[in-house]
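S.K.:
Protein chains in written order, with my numbering: chain A, 7 to 435; chain B, 7 to 323.
Structure (structure tokens):
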């Protein structure tokens, strides 16, 4: 009898020990409630590669705002959404989290986890409408965050190859086609495109076709319901993709995105239609590569009369509605909207700041930015059509693959896009 | 068989006459039970319950009954993606089954006869099974790259240039690449399992049959194969589960969208897209419905296969 009791006790002990260790709280940060006026703001981000740069940036802020200390913490990009969701739901979350833009931001807003900042933060007026749209709630139209970075889409070109072939940056559609033909004749792949990865394809479609369908003008019309993606101008813009096919690698749907990057950075292809985020990659892969960028000229019958760089916002800083330091968080967001911070984003993070009036040291960046300032357009499918399932970018990506594979044409692809987004998109809302 | 082993087993040394009461026994089971409940049963039932609600981000909305399930079969993109992905899962299963029960069993039989280097070859065949499938998928995607990949380069080098293909860029070949790479990676598993089962077949039976004049094929057909049925059953069920849950290799080869043009899409990729990449605020509801359906299907069919095999075994022995 006695033995049995000991056994039972032993078993219970093991069991409870296991339970206890499972429930033990992970090292908690108990010292956040500071004495006096000194306040520590917790800032979360998915940019693990930028921790040092951010610490430098926030040092500048702390010097100007001695009562606030910024504690910057970065998490794995792929797990960030989950971590942030948990953090915002609990009491131990960040005061100022970096949040996603456009459609991916909506779940946080709809769950009431973020504080609207309209009227509290100055300096948002100068930001491009398609960029600030990334920080707004779709349902209520309020602004919830300060945009951090802008990505612009354009055609990169290898300066050395252009020089050797006696080519100039094209300014008309005929010159553009002429450049491609000459490269093809010289046995050089004119453009590197990784069409195996569907996400790059809507980017490609906008780089060559935005001006053709009308950029922001078309955006307005399609959002209000005046037209839809079956519009002849939009179909014609997708038709350019078929026209470009002969200037891409044969069997382009087998080429992955990373392959296409190597193709360009190793000089096997003369041009690369891509986002400004490629600049850092190219600099890393081939430090000696001399490249520039241009906006694809306006084709005949285009709606716009000048070329554009489609662009979108990438990342925002918002305020956790549960934060106990609302005033200080607003102070920080106000600073994040100043050109001073914008310049630091440019210098320390090598990104395009969302704030106007920033200078870029890197020649390729400055060139792409000046082009963008001359002609802006939204990266339409990302900016406006990622608010429901299926995502506009995902539908078009797959359709462009089908175009390359000969399974559909421009009109079919446009119709599929319209059918796809109609699952959730109601014009005029 | 288990009865025999139980008889032969020596009496437990610690068996001094104290039998644990049911209650004390339960207490000992408790830690495992708690772990099971917290990490397996609880998530399972939450997913099930989540699938009956509407969601706004992470805020649970109203009870919607089976609406999320209806959505899966009536609304784009799910109504098109689910059948497409499902067919690919089934292809994966049959591809792997055919490969394992022909090449796998053949290799195991050959290795069984081998006296030298047996361990070496077993290890070699099992190696891919030990590497992360994500890495395997990535390596194959590099090898099959139409620009820099060695596969096409070798084909061209030996004069088979017409066979060189954008393997992963052509919807007709891409899904077969996924099937073959998966089967290639898993080959070590049936080799090991069949190897062990072959070792368990008493040699006397084989010898007796051969004295009676049975040919090698007759012996394999009437002795070895029936004795392998339990092992084949295990391999089938595990292959089925693996094929239905396939994720890393399709993901590494075709990305989360099952590129090109959905040709390599499978159900787990669809779940991943819905849960983590969709802009829909009801992502939790729809993805939970997919997860529940997938679980029920895998569970149901696995039970069915096991039952059928048990019946077949009973007939044999």
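Backbone N, C-alpha and C define an ideal beta-carbon position, used for all residues, glycine too. These numbers were taken from a predicted model, which means no experiment stands behind them.
#1: Using 8 Å as the Cβ pair cut-off and three pairs as the minimum, do the region 44–52 of chain A and the region 86–106 of chain A touch?
#2: Please classify residue 299 of chain A: does DSSP put it in a helix, a strand, or coil?
#3: Between residue 151 of chain B and chain A, is the shortest Cβ-Cβ distance under 8 Å, so that the two count as touching?
#4: Specify, as a first and last residue, the run of the beta strand (DSSP E) that residue 160 of chain A falls within.
#5: Can you grab the Cα-Cα spacing for the pair residue 344 of chain A / residue 234 of chain A, in whole Å?
#6: Going by DSSP, which residues form a beta bridge with residue 46 of chain A?
#7: Check each candidate in B:248, B:249, B:212 and name the one with the smallest Cα separation from residue 231 of chain B.
#8: Would you call the CB atoms of residue 183 of chain A and residue 279 of chain A closer than 8 Å?
#9: Is there at least one Cβ from chain B nearer than 8 Å to residue 236 of chain A's Cβ?
#10: Taking C-beta pairs closer than 7 Å, name the residues in chain A that residue 287 of chain B reaches, listed in chain order.
#11: Going by other Cβ atoms of all chains shown within 10 Å of its Cβ, with 16 needed for buried, is residue 142 of chain B buried or exposed?
#12: What distance in whole Å lies between the Cβ atoms of residue 374 of chain A and residue 158 of chain A, which are believed to be in contact at a cut-off of 8 Å?
#13: Between residue 239 of chain A and chain B, is the shortest Cβ-Cβ distance under 8 Å, so that the two count as touching?
#14: Once you ignore the five residues that flank residue 426 of chain A on each side, which residues in its own chain have a CB closer than 6 Å to its CB?
#15: Where does residue 255 of chain A land, buried or exposed, given buried means 16+ other C-beta within 10 angstroms?
#16: So residue 171 of chain A is in the beta strand (DSSP E); what residue range does that whole segment cover?
#17: Given that a residue counts as buried once 16 or more other Cβ atoms are within 10 Å of its Cβ, and exposed if not, what is residue 136 of chain A?
#18: Less than 8 Å between the CB atoms is what I'm expecting for residue 305 of chain A and residue 179 of chain A, so what's the real figure, rounded?
#19: Beta-carbon within less than 7 Å of residue 110 of chain B's beta-carbon, same chain only, minus the 5 sequence neighbours each way: which residues are those?
#20: From what residue to what residue does the beta strand (DSSP E) around residue 61 of chain B run?
#21: Considering just the uninterrupted stretch of the alpha helix (DSSP H) at residue 290 of chain A, what are its terminal residues?
#22: Using the Cβ count rule (16 or more neighbours within 10 Å means buried), how would you classify residue 32 of chain B?
#23: Taking residue 410 of chain A as the reference, give the member of A:258, A:86, A:432 with the closest Cα.
#24: Any chance you could list the beta strand (DSSP E) runs of at least 3 consecutive residues sitting entirely within the region 35–110 of chain B, in chain order?
#25: Does the contact criterion of 3 or more C-beta pairs under 8 Å hold for the region 321–341 of chain A versus the region 203–222 of chain A?
#26: Check the C-beta distance from residue 235 of chain B over to residue 314 of chain B and give it rounded, since I have them as a contact under 8 Å.
#27: I think residue 445 of chain A touches residue 191 of chain A, with their Cβ atoms under 8 Å apart; what is that distance to the nearest whole Å?
#28: Can you pull the chain A residues whose beta carbon is under 7 Å from the beta carbon of residue 42 of chain B, in chain order?
#29: Is residue 393 of chain A helix, strand or coil by DSSP?
#30: For the alpha helix (DSSP H) holding residue 129 of chain B, just list the boundary residues, first then last.
#31: Taking 8 Å as the CB-CB limit, is residue 257 of chain A close to chain B?
#32: Helix, strand or coil: which one does DSSP assign to residue 39 of chain A?
#33: Considering Cα atoms alone, identify which of A:299, A:295, A:201 is closest to residue 160 of chain A.
#34: Return the chain-ordered list of same chain residues with a C-beta closer than 8 Å to the C-beta of residue 248 of chain A, the five sequence neighbours on each side being excluded.
#35: Using only CA atoms, which one of A:128, A:116, A:170 lies nearest to residue 273 of chain A?
#36: Just tell me which of B:122, B:223, B:293 has its CA closest to the CA of residue 74 of chain B.
M.R.: So, from the data block:
#1: yes
#2: strand
#3: yes
#4: 151–164
#5: 38 Å
#6: A:75
#7: B:212
#8: no
#9: no
#10: 112, 113, 116
#11: buried
#12: 6 Å
#13: no
#14: 396, 401
#15: buried
#16: Looking at the DSSP string, residue 171 of chain A is not in any beta strand (DSSP E), and its letter there is neither H nor E.
#17: buried
#18: 5 Å
#19: 193, 196, 197, 200
#20: 59–62
#21: 284–291
#22: exposed
#23: A:258
#24: 59–62, 65–69
#25: no
#26: Their Cβ separation, rounded to whole angstroms, is 11 Å, which puts residue 235 of chain B and residue 314 of chain B out of contact at 8 Å.
#27: Limits of chain A in this structure are 7 at one end and 435 at the other, which puts residue 445 of chain A out of reach.
#28: Here the premise fails: no neighbours, minimum Cβ distance about 12 Å.
#29: coil
#30: 124–136
#31: yes
#32: Bear in mind that the predicted position of residue 39 of chain A carries a pLDDT of just 42, short of 50, making it unreliable; the figure below should be weighed with that in mind. Residue 39 of chain A: coil per DSSP, three-state reduction.
#33: A:299
#34: 409, 415, 416
#35: A:170
#36: B:293
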